[in-house]
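The next block holds one structure in the form of structure tokens; read it before the comments.
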Amino acid sequence: MHIEFRHLRTIKAIHDTGGLGRAADLLNITQSALSHQIKGIEDQAGVELFVRRTKPLKLSAAGMKLLAAAEEILPRVSALEAEFEGLIAGKSGRLHIAIECHACFEWLFPVLEAFRKAWPDVDVDIRPGLAFDALPALRREEVDLVVSSDPEDMAGTDFTPIFDYDPVFVAAASHPLAAKPFVEAEDFADQTLITYPVERTRLDVFSQLLMPAGVQPATVRQVELTAVILLLVASNRGVAVLPDWVVRQVRYNSDYVTRPLTKSGITRRLYAATRSEDTGLPFMAHLLRLAKQEAVKLQSEAPK
0 MHIEFRHLRT IKAIHDTGGL GRAADLLNIT QSALSHQIKG IEDQAGVELF VRRTKPLKLS
60 AAGMKLLAAA EEILPRVSAL EAEFEGLIAG KSGRLHIAIE CHACFEWLFP VLEAFRKAWP
120 DVDVDIRPGL AFDALPALRR EEVDLVVSSD PEDMAGTDFT PIFDYDPVFV AAASHPLAAK
180 PFVEAEDFAD QTLITYPVER TRLDVFSQLL MPAGVQPATV RQVELTAVIL LLVASNRGVA
240 VLPDWVVRQV RYNSDYVTRP LTKSGITRRL YAATRSEDTG LPFMAHLLRL AKQEAVKLQS
300 EAPK
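So in numbering that gives the first Met the number 0, the last spot in the sequence shown is 303, and the numbers never skip.
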């Protein structure tokens, strides 16, 4: 037996309206075409679907079974159609984000909170990109956006600049290096460096300063949370290098000082990597705008 969606819609329309004429009007077909369709279904099924000569027209036991199937299947089909329409219109979709910048969780959450309210039908998830190769995962469509400070020349991938930041040296105000106007790679040789628990190649202090100079700190202590890093630094248990926007608010605290890395400082740029065909999606474009707006807020908080 070959049952089509239109057959299910027909059975439900006749049951809901109680007559062929009203059902035909509801389905926007002629009563003759509706009668022909019913006969075709009954011929395929080998049973009668209606109890004839009843007003309103009633379904037979077999017809009730087909009605039950219609009431189960048709709403699911309608929901699927609405979902596809949303995808086509760019109103819904999937946004799985991988973050290669450990400190960026604190910056990204306000962005996602605003995004969630604007795009409730978009499935948002965050995966710590530090635990896997995020950019290859983007190409494999396992994630949809990667926050990274290391753009690559990848076909079919767009790297949208979000904002620039300076990795800065952070130490207790009483630390000997606090007296210097800036710090250099050699200053870390006898220090305990407190970092996030990630590969050294993904930390600015190593990739941009220490590794090029061939310098190793005396000790590396890994800490998960920014607040704990700052607590340890304030206790003079070590020094750290963090993005300037992360420590900007605590610059007013006498327990801390921040200093540039090298005399000229080091500036890094944060990017949002997306597949080229997804960059222009309405919800993706809005997320990128929100990210840049939040970055402007971070910059406006800089001390004058």
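Glycine is no exception: its CB is placed at the ideal position from the N, C-alpha and C atoms. Being a predicted model, the structure only gives us computed values, none of them experimental.
Assuming the contact rule is C-beta atoms closer than 8 angstroms, Leu19 and Leu286 should be a hit. Round their C-beta distance to whole Å, please. The residue you call residue 19 lines up with position 20 of the sequence shown. The residue you call residue 286 lines up with position 287 of the sequence shown. Actually they do not touch by this definition, with Cβ atoms about 52 angstroms apart.
Roughly how many angstroms separate the alpha carbons of Leu269 and Asp120, rounded to a whole number? On the sequence shown, residue 269 is found 270 positions in, with the first residue counted as 1. On the sequence shown, residue 120 is found 121 positions in, with the first residue counted as 1. Cα to Cα, the separation comes out at about 27 angstroms.
Let me check understanding here. Comparing Cα to Cα, which of Arg247, Arg236, Val197, Glu140 lies closest to Ser275? The count along the sequence shown starts at 1 and reaches residue 275 at position 276. Selected option, being the one with the closest Cα: Glu140.
Among the candidates Pro160, Lys296, Met63, Gln207, whose CA atom is the shortest distance from the CA of Phe245? Translated into the one-based positions of the sequence shown, residue 245 becomes position 246. Note that residue 245 corresponds to Val in the displayed sequence, not to Phe. Of Pro160, Lys296, Met63, Gln207, the residue nearest in Cα terms is Lys296.
Alpha carbon to alpha carbon, how far is Leu209 from Leu224? Against the sequence shown, residue 209 aligns to sequence position 210. Against the sequence shown, residue 224 aligns to sequence position 225. The alpha-carbon atoms of Leu209 and Leu224 are separated by roughly 22 angstroms.
Integer Cβ distance of Ala97 from Ala44, believed to fall under 8 angstroms: The sequence position of residue 97 within the sequence shown is 98, counting from 1. The sequence position of residue 44 within the sequence shown is 45, counting from 1. 52 angstroms between Cβ atoms; not a contact.
Which class does Thr273 belong to by DSSP, given the choice of helix, strand or coil? Counting from 1 along the sequence shown, the entry for residue 273 is found at position 274. DSSP places Thr273 in strand when its eight states are reduced to three.
Throw me the rounded Cβ distance for the Ala284 and Ala271 pair, which I believe falls under 8 angstroms. Working through the sequence shown from its first residue, we reach residue 284 at position 285. Working through the sequence shown from its first residue, we reach residue 271 at position 272. With a Cβ gap of about 11 angstroms, Ala284 and Ala271 do not count as contacting.
Helix, strand or coil for Ala97? Go by DSSP, reduced to three states. As a working note, residue 97 is residue 98 in the sequence shown. Here Ala97 sits in strand by DSSP.
When the Cα atoms are used, what is the spatial distance from Gly92 to Val142? For the purposes of this step, residue 92 is taken as the residue at position 93 of the sequence shown. For the purposes of this step, residue 142 is taken as the residue at position 143 of the sequence shown. When rounded, the distance between both Cα atoms is 12 angstroms.
Determine the DSSP secondary structure at Leu107, reduced to helix, strand or coil. Within the sequence shown, the letter at position 108 stands for residue 107. Leu107: helix per DSSP, three-state reduction.
Endpoints, beta strand (DSSP E) assigned at Asp152: Counted from its first residue, the sequence shown places residue 152 at position 153. From DSSP, Asp152 is part of no beta strand (DSSP E); its letter is neither H nor E.
Assigned secondary structure, Pro281 (DSSP; H/G/I helix, E/B strand, else coil): Position 282 of the sequence shown holds residue 281. Note: Pro281 maps to helix in three-state DSSP.
Look at the Cβ atom of Leu192, then the Cβ atom of Val219, and state whether they are nearer than 8 angstroms. Counting from 1 along the sequence shown, the entry for residue 192 is found at position 193. Counting from 1 along the sequence shown, the entry for residue 219 is found at position 220. Cβ distance < 8 angstroms, so Leu192 and Val219 count as in contact.
Local conformation of Ala69 per DSSP, three classes: For the purposes of this step, residue 69 is taken as the residue at position 70 of the sequence shown. Of the three classes helix, strand and coil, the one that applies to Ala69 here is helix, per DSSP.
Quick one: residues in its chain with C-beta nearer than 6 angstroms to the C-beta of Thr278, no 5 flanking neighbours on either side, listed in chain order? Residue 278 sits at position 279 when you count from the first residue of the sequence shown. Within the same chain, Thr278 has close Cβ partners Asp157.
For Ala102 and Arg75, what's the separation of their Cα atoms in angstroms? Walking along the sequence shown from the start, residue 102 turns up at place 103. Walking along the sequence shown from the start, residue 75 turns up at place 76. Distance between the alpha carbons of Ala102 and Arg75: 42 angstroms.
Collapsed DSSP secondary structure at Val142 in the structure displayed: As a first step, residue 142 must be located in the sequence shown, where it is residue number 143. Coil at Val142, not helix or strand.
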